[in-house]
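In the working numbering, the protein residues as written are 10 to 358.
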Amino acid sequence: MAINVKLLKKICEAPGVPGYESKIRRIIIDEVTPLVDTVRVDNMGNVIALKKGRSSDKCAMVGAHMDEIGFIVTHVDDKGFVRFTTLGGFDPKTLTAQRVVIHGKKDVIGVMGTKPIHVMSPEERNRMPKIKDYYIDLGMKKEEVEKIVNVGDPITRERELIEMGDCVNCKSIDNRVSVFILIETLRKLKSMPYDVYGVFTVQEEVGIRGANVAAHSINPTFGFGLDTTIAFDLPGAAAHEKVTSLGEGAAIKIMDASTICDYRMVDYMKKTADKKKIKWQPELLTAGGTDTAGIQRMGKDGAISGAVSIPTRHLHQVIEMAHKEDIDGGIKLLKVCLEELDKYDWEHR
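Here is the structure:
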């Protein structure tokens, strides 16, 4: 097992919050263009890469969102401190004293600040922090800040990718690991029964917006979401709370809060993984959703849809972590599932 950590690092570290995906989109276009037959960018900013199969009678869409959770500037106060709101979901307690990057006229580093614990009242110490309690300290006066920063500038987390044991650790593993997996799958695909649309979607973290538009345009017969999922395999977790565990294989989604995966696709993916001796684990997530929902529902005919999910610890925090074997398994599982779509009986029973 070996993955291209250098490429994964490049993808994860690139900025790209919802609605501001330009820099990661350029990387994706450069990487995927030599691997497919055509590449286009739609009005939303989705990158749609087509790899032609032996037949165009049916097609498969694979969605991996390129956006990451982040923030956007809402105000600069009289002392130069920056206020913000979120783009996507955050656990506020994870933000204290963390570095961020404001992408203004130039990139500038800031620090998330809040009231020091030394001057908090007992009541303040005992309550959970809220997003509104935080500001960003750039270490500059207002006059200097305003030369660089404007209301509406996007903000990303400042974290480089490192290898930790058998894992990779970085900001934006959700969902850049899936961007990486889709690129590597398109690289390895040789012969597919049907056309494959690899779609790198935008604005998933604020409502599956890009996938909805892309699926409506493509109208896929088959659909695969490609995203991270919770790995709560940590101290204090009960067995039924884990959802998935790191190192136990890529997960085959059964359902989440936005999707009940097609029972035929779930059966097909499980049987295909077993036949090819690819380690997998089931995923049943009672909260949260992915592009799978848009792919399944937004084509005019609907799509026979499922998902490959990558177990991830510390999800939607400042850093996230995934296991290299699970990432490699995700590539193998997606590849073989796309190559053998014509070997299953898809009739409703």
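In this text, a Cβ means the ideal position worked out from N, Cα and C, and glycines have one as well.
This one's a predicted model, so the numbers in the text were calculated from it and none came from an experiment.
- The three-state secondary structure of N55, taken from DSSP, is coil.
- Bridge partners of K60 according to DSSP: V205.
- Listed as beta-bridge partners of C176 by DSSP are M173 and H332.
- Ranked by Cα distance from S64, the first of V91, P202, G234 and A248 is P202.
- In the three-state DSSP reduction, S200 falls in the coil class, being neither helix nor strand.
- Within the same chain, M121 and V327 come within 6 Å of Q107 by CB-CB distance, once the 5 residues on both sides are set aside.
- With respect to the C-alpha of I118, the residue from A224, E167 and I171 having the closest C-alpha is E167.
- Leaving aside the five residues that flank L293 on each side, the residues in its chain whose CB is nearer than 7 Å to its CB run, in chain order, I263 and M264.
- For V14, the uninterrupted alpha helix (DSSP H) segment begins and ends at V14 to E22.
- When the beta-carbon positions are compared, G219 and V71 stay at least 7 Å from each other.
- Between M75 and M330, the beta carbon gap of about 20 Å keeps them out of contact (Cβ cut-off 8 Å).
- Collapsing the DSSP output to three states places I227 in a helix.
- Between A240 and S254, the gap from beta carbon to beta carbon is short of 7 Å.
- Under the three-state reduction of DSSP, Q305 is assigned to helix.
- Residue pairing for R322: DSSP places it in a beta bridge opposite M330.
- Taken atom to atom, the span from the alpha-carbon of Y144 to that of V317 is near 37 Å.
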